[in-house]
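**Q**
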């Protein structure tokens, strides 16, 4: 028994020493810097063999969405926010790889554990500050919240209290409801639904009178369902929400956080250019579903189909206050 105890003790000590040695080696590798072309490069980290991993939430167009790569069957991330980060890191000679997840919960869990370094498209939440991540400042974009009505049922709305007495919906996958909830009148009747299809279905059938949404996201999804000529958005947004890029505190490449934030600040100077880029991504999202039937046809299969006009100026009206 004594011999077994001594052997176990020696093994545990060796494991402990080896563990510390491994961690020391990893930390040394992360801190090793090479000065080249006036820029700091980290060995391995941010290189083709170990790129920064960037992701976004599964369905929040045009800011970000998840797609399956046909050749590999793996998920990847696309959209305005992901491409903006890739553009910034390219300027900094940092290699990145877009990673996608099937659900928002999977994406956030991977981000908090450090399996992905950057997560795009989070609204500011003071309760989450310091919880495994850092908000890169300034924000990626100042998104706004407008009220969406079916055409012919629109109302002039400049304050949330003017919606009292109406039935509203908000999309869970747009991620902002929990942040604006404390700002809403208690008398407001709003149902949180799973996604845009359920939200627009309730608008079309009259189960809901209005939808609270980002005008960019509402336009993107309305084009997807080919009802963009059937909706109207309030020209004056009711609220502005900052959309952020998050950097994981458990990232193996923390040294890049400040340089990426600095470059993000430079890119954000031209807000009109950013708005134009977002509209381009709305077109990209709509084109993905160009062969799908209109949502109205799915809800009312016996109704006569009307060909939608591809453009809608409602988005410009709803966002001109923040351009």
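Residue numbers (my numbering): 2 to 324.
Quick reminder that beta carbons are idealized off the backbone N, C-alpha and C, glycines included.
Note that the coordinates shown come from a computational prediction; the quantities given were computed from them, not determined experimentally.
Excluding the five sequence neighbours on either side, which residues of its own chain have a C-beta within less than 6 Å of the C-beta of residue 112, listed in chain order?
**A** Taken in chain order, the residues that qualify are 120, 249.
**Q** What residues in its chain sit with their C-beta under 7 Å from that of residue 104, if we drop five residues either side in the sequence?
**A** The answer, listed in chain order, is 59.
**Q** What residues in its chain sit with their C-beta under 7 Å from that of residue 74, if we drop five residues either side in the sequence?
**A** Nothing listed; no residue qualifies.
**Q** Let me check one thing: in DSSP terms, what residues is residue 192 bridge-paired to?
**A** Answer is 170, bridged to residue 192.
**Q** If we count the other Cβ atoms within 10 Å of its Cβ and call it buried at 16 or more, is residue 24 buried or exposed?
**A** Reliability fails at residue 24, whose pLDDT of 39 lies under 50, so the model's placement of it is uncertain and the value that follows must be treated cautiously. Exposed, since its Cβ has fewer than 16 Cβ neighbours within 10 Å.
**Q** I'd like the list of long-range same chain contacts for residue 97, defined as Cβ closer than 6 Å, with 5 residues on each side in sequence excluded.
**A** Here the set comprises 52, 53, 55, 87, 90.
**Q** Taking the alpha helix (DSSP H) that residue 258 falls in, what are its first and last residues?
**A** Segment 258-268, the alpha helix (DSSP H) holding residue 258.
**Q** Grab me the residues of residue 225's own chain with a C-beta within less than 7 Å of its C-beta, minus the 5 sequence neighbours each way, in chain order.
**A** 286, 287, 290.
**Q** Taking the DSSP output, what are the residues bridged to residue 151?
**A** According to DSSP, residue 151 bridges with 232.
**Q** Let me know the beta strand (DSSP E) ranges lying completely inside the stretch 39-112, each 3 residues or longer, listed in chain order.
**A** Within the stretch 39-112, the complete beta strand (DSSP E) runs of at least 3 residues are 40-43, 53-57, 65-69, 76-79, 97-99.
**Q** Which residues in the same chain have their Cβ closer than 7 Å to the Cβ of residue 257, if we skip the five residues on either side of it in sequence?
**A** Correct list, in chain order: 47, 53, 95.
**Q** Please state whether the Cβ-Cβ distance between residue 278 and residue 140 is less than 8 Å.
**A** Their beta carbons are not under 8 Å apart, which means residue 278 does not touch residue 140 by this criterion.
**Q** Quick test of your reading: residue 232 and residue 149, contact by CB under 8 Å. State the CB separation rounded to the nearest angstrom.
**A** Right, their Cβ atoms sit about 6 Å apart.
**Q** Indicate whether residue 78 and residue 115 have their beta-carbon atoms separated by less than 8 Å.
**A** The answer is no: Cβ separation not under 8 Å.
**Q** Please return the same chain residues whose Cβ sits closer than 7 Å to the Cβ of residue 188, not counting the five positions on each side in sequence.
**A** So the qualifying residues of the chain are 165.
**Q** Would you call the CB atoms of residue 213 and residue 195 closer than 8 Å?
**A** In this structure, residue 195 does not lie closer than 8 Å to residue 213 by Cβ.
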